[in-house]
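In the numbering used here, the protein residues as written are 96 to 207.
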């Protein structure tokens with residue numbers, strides 16, 4: 096299962112980097128969001144995809160799941176959502192004010 100998750104993380108990183116390297120601001124924002132999701136899957140995979148009980152005292156389970164990667168993921172999901180929302184608002188405002196979302200035109204390079 097870890098091998099499949101590692102391949103999925105690699106594919107998501109590749110898709111995210113491809114979108115980040117494009118000229119459209121909206122694609123760059125979607126690329127950063129996809130890379131964020133890939134990092135979340137990477138943290139979950141590194142934490143271990145094992146089955147076990149909750150780490151509570153008094154239970155007789157022999158295997159326990161580690162709660163730290165799950166807590167880190169909850170924080171990362173909230174931060175990723177907030178950053179994506181902020182970037183979308185900034186992209187929308189730039190499009191309204193400047194009339195374009197092409198990064199070459201935003202820089203002032205008109206040699207297409």
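For every residue, glycine included, the Cβ atom is placed at its ideal position computed from N, Cα and C.
Where the alpha helix (DSSP H) through residue i begins and ends
{"i": "residue 125", "result": "120 to 142"}
{"i": "residue 116", "result": "Here residue 116 belongs to no alpha helix (DSSP H), and DSSP marks it neither H nor E."}
Residue i vs residue j beta-carbon contact at 8 Å
{"i": "residue 114", "j": "residue 126", "result": "yes"}
{"i": "residue 168", "j": "residue 123", "result": "no"}
{"i": "residue 107", "j": "residue 133", "result": "yes"}
{"i": "residue 201", "j": "residue 193", "result": "yes"}
{"i": "residue 105", "j": "residue 129", "result": "no"}
{"i": "residue 120", "j": "residue 189", "result": "yes"}
Close Cβ partners of residue i (< 7 Å) along its chain, the five nearest in sequence each way excluded
{"i": "residue 118", "result": "197, 198 and 199"}
{"i": "residue 183", "result": "124"}
Residues near residue i by beta carbon distance below 8 Å, same chain, minus five either side
{"i": "residue 146", "result": "158 and 160"}
{"i": "residue 172", "result": "135"}
Beta bridge counterpart(s) of residue i as assigned by DSSP
{"i": "residue 196", "result": "Looking at the DSSP assignment, residue 196 forms no beta bridge with any residue, so it has no partner."}
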